[in-house]
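In the working numbering, the protein residues as written are 124 to 489. Cβ coordinates follow ideal geometry from the N, Cα and C atoms, glycine included. Below you'll find the structure, written out as structure tokens, and then a few comments.
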Ligand SMILES: C[S@@+](CC[C@H](N)C(=O)[O-])C[C@H]1O[C@@H](n2cnc3c(N)ncnc32)[C@H](O)[C@@H]1O
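Next up, the structure:
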């Protein structure tokens, strides 16, 4: 399998998108746990790289430290123990990683005092199982920024599935599957039906891998998986986000919809939504992702399948949409005289539903 060394040159545009997603998610994740009842949390960056690329752009490790710095006041106030675990197996990169992180900690002594940093120079293959009990025991944010694809195999992802307070972000070089997915080496990682996958355009290869992984989860699994496809000059890559908690999913979806307001699922117009804005003279109007969701949600409400803010919120998350999209549909339906609710807003958000337990029913006006 081809392996590419990222640090001998500057990060490309797609890599920066990935790193921004990693960092933005850390920014969302940290305050949730710092302000919670938990006393100890862990962040694992299993493929940590060197800290910076050759042009001085921060990699995953420094971005994690930066976001911890961002929360420093709350961390001291709440007295939460934050453990940050950096692993990199390459000798040279490991040395660079330690130098970069220690320099950051030297320059940010408050961060150094607030956290416990652990460096490891191990092969992930040997390390992962040793870390599982910690991942299982504490709220953990796990970054798996591998080169290639091999660590997406069942023996890793199904172990993460068994943990309950873990949010993970997996990076995969998805287009390798397009080229080599039918070979034995790839089949050993994921036995994906490439003939079926190739019935869809190449740009959906990352989504196809995600769908394959979803099918491998146990039937009763509470784990939600979401894709973010990253198109680069060299091919299709992507992040797979996984978490069991709704608040985590909510935060991930907010992050990706902020990054791409058109589809919240890629760093480009993956579904050609921009072209759907114009009326198609032959086929009639084509609906973009947000409009398609609105139509689906309206039907579900009008048919009585979805009645409460809680049901609608869960439907939005399952469909990969943020709660604002669902709220807009419900507000429009109220304005159109299709439904009734007495509150000022439809209360379709995590805090109202799961923190305050304010459950409301939307009544159909016949
Ligand atoms: C995609 S890069 C990660 C980049 C890093 N997260 C950053 O932001 O700079 C993958 C890194 O994982 C390391 N790596 C590859 N295979 C590994 C393994 N089996 N165990 C540990 N590290 C590995 C590589 O040396 C490389 O630095």
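query	result
Please report how far the alpha carbon of residue 264 lies from the alpha carbon of residue 486, in whole angstroms.	40 Å
Taking C-beta to C-beta, are residue 329 and residue 350 nearer than 8 Å?	yes
Within the same chain, show all residues whose beta-carbon is closer than 8 Å to that of residue 427, passing over the 5 residues directly before and after it, in chain order.	487
Using beta-carbon positions only, say whether residue 320 and residue 272 come within less than 8 Å of one another.	no
So does the segment 411-423 actually touch the segment 336-350, counting three or more Cβ pairs closer than 8 Å?	no
Which residues mark the beginning and the end of the beta strand (DSSP E) in which residue 351 is found?	347-355
By how many angstroms is the C-alpha of residue 470 removed from the C-alpha of residue 480?	10 Å
So which of 251, 169, 337, 435 has the shortest CA-CA distance to residue 207?	169
Could you please give the first and the last residue of the uninterrupted alpha helix (DSSP H) stretch that includes residue 361?	Premise fails: residue 361 lies in the beta strand (DSSP E), 358-366, not in any alpha helix (DSSP H).
Looking at ligand 1, does it come within less than 7 Å of residue 172, judged from the CB to the closest heavy atom?	yes
Measuring straight from C-alpha to C-alpha, what distance separates residue 289 and residue 147?	17 Å
Any chance the segment 172-183 sits against the segment 272-281, with 3 or more Cβ pairs inside 8 Å?	no
Indicate whether the contact test is met: 3 or more Cβ pairs, each with one atom in the segment 208-216 and one in the segment 242-253, closer than 8 Å.	yes
Whole-angstrom Cβ separation of residue 219 and residue 174, contact assumed at under 8 Å?	6 Å
Roughly how far, in whole angstroms, is the beta-carbon of residue 267 from the beta-carbon of residue 299, given that I think they are within contact range, below 8 Å?	Between residue 299 and residue 267 the Cβ distance is about 16 Å, and since that is not below 8 Å, they are no contact.
In terms of residue numbering, what span does the alpha helix (DSSP H) encompassing residue 168 cover?	Residue 168 -> not in any alpha helix (DSSP H); beta strand (DSSP E) instead, spanning 163-168.
Using three-state DSSP, classify residue 134 as helix, strand or coil.	coil
Please report whether the beta-carbon of residue 159 lies at a distance below 8 Å from any beta-carbon of chain C.	Of the protein chains in this structure there is only one, and it is not chain C.
Can you give me the Cβ contacts of residue 336 inside the same chain, cut-off strictly under 8 Å, excluding the 5 residues immediately before and after it?	275, 280, 313, 348, 363
Whole angstroms are fine: how far does the CA of residue 254 sit from the CA of residue 189?	24 Å
Can you check which of these residues, 381, 309, 158, 227, is closest to residue 448 by C-alpha distance?	381
Could you tell me whether any non-hydrogen atom of ligand 1 is closer than 7 Å to the CB of residue 223?	no
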